[in-house]
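In the UniProt record's numbering, the protein residues as written are 1 to 300. To start, the structure itself, in structure tokens.
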């Protein structure tokens with residue numbers, strides 16, 4: 001436990017006699033909640049912690065990781081949020097037991113390694129706020145254990161890998177604020193997906209998703225998807241859906257007539273859908289609907 005490091009530099013041999021450490025907290029926040037100043041680095045002796053399973057270095061202005069970091073083969077959790085990393089070392093993808101990786105807020109990170117898919121046990125990946133990251137490697141499609149993927153506010157992300165839609169265990173996908181994303185892969189099949197957030201994807205025009213292949217969805221947020229003009233007919237296959245936010249979908253003109261198939265829907269927000277001309281009559285058959293927001297739907 002080395003919280004509140006401030007400008008302290010750990011000696012290169014800080015961990016040379018601490019070989020049995022399993023949990024290491026280096027999170028770099030000062031007492032006032034401010035990020036630690038630049039200059040904190042991970043000493044090379046950290047590679048001697050062969051039993052380490054958990055490292056939290058959140059907030060440390062790390063620009064690079066020690067060489068041979070991949071020798072920490074028992075590592076399961078690695079938190080490097082708000083780091084200054086520009087690239088994520090390819091060698092880290094040799095950590096065969098790594099299941100939790102948090103790089104959120106690493107605003108200098110411009111590239112993820114092509115070998116990301118080698119982290120076959122990874123179930124949690126947070127890249128939110130990596131604001132200059134332009135693409136995800138094709139190998140991300142190999143993460144068959146991935147449950148949680150957050151790329152929200154990756155505002156430079158323009159496209160997704162072609163095979164991105166084949167993540168069989170994914171249950172949460174957050175792409176909120178990916179404002180340059182123009183389309184989704186056409187072959188999406190997320191049989192376990194329950195939570196989908198595409199809010200503020202301002203350039204997204206078409207939902208090229210066959211919703212028959214994502215039938216477990218309970219939460220969908222499309223608010224602020226200005227260019228989306230319609231929902232595909234297969235959207236009505238989401239008979240587990242409880243929450244749907246379509247607010248600020250300024251080009252949305254109509255809803256599917258089969259809306260009554262959304263048996264479990266409890267919340268529907270259509271605020272500021274300025275081009276929406278009418279609601280389907282089938283909406284009256286949604287007996288579990290408790291919240292319906294229609295303010296600023298000027299053409300209704």
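Just so you know, even glycine gets a beta-carbon here, dropped at the ideal spot from N, CA and C.
| Asked | Found |
| --- | --- |
| Does the distance from the CB of residue 92 to the CB of residue 58 come in under 7 Å? | no |
| May I have the straight-line CA-CA distance separating residue 180 from residue 197, to the nearest angstrom? | 15 Å |
| Nearest by alpha-carbon distance to residue 46: which of 13, 171, 63 and 73 is it? | 13 |
| Is the stretch 184-193 close to the stretch 232-243, with three or more CB pairs under 8 Å? | no |
| Taking the C-alpha atoms as reference points, what is the distance between residue 121 and residue 100? | 9 Å |
| Please name the residue in 242, 70, 268 and 27 whose C-alpha comes closest to that of residue 60. | 27 |
| Measuring alpha carbon to alpha carbon, tell me which of 209, 106, 163 and 142 ends up nearest residue 153. | 106 |
| Beta-carbon within less than 8 Å of residue 66's beta-carbon, same chain only, minus the 5 sequence neighbours each way: which residues are those? | 42, 43, 44, 46 and 47 |
| Are residue 116 and residue 149 close, meaning C-beta to C-beta below 7 Å? | no |
| Among residues of its own chain, excluding the 5 on either side of residue 212, which ones have a beta-carbon nearer than 6 Å to its beta-carbon? | 234 and 237 |
| Excluding five sequence neighbours on each side, which residues of the same chain lie with their C-beta closer than 6 Å to the C-beta of residue 118? | 93 |
| Who are the near neighbours of residue 113 in its chain, counting only those whose CB is closer than 6 Å to its CB and skipping five residues on each side? | 88, 90 and 93 |
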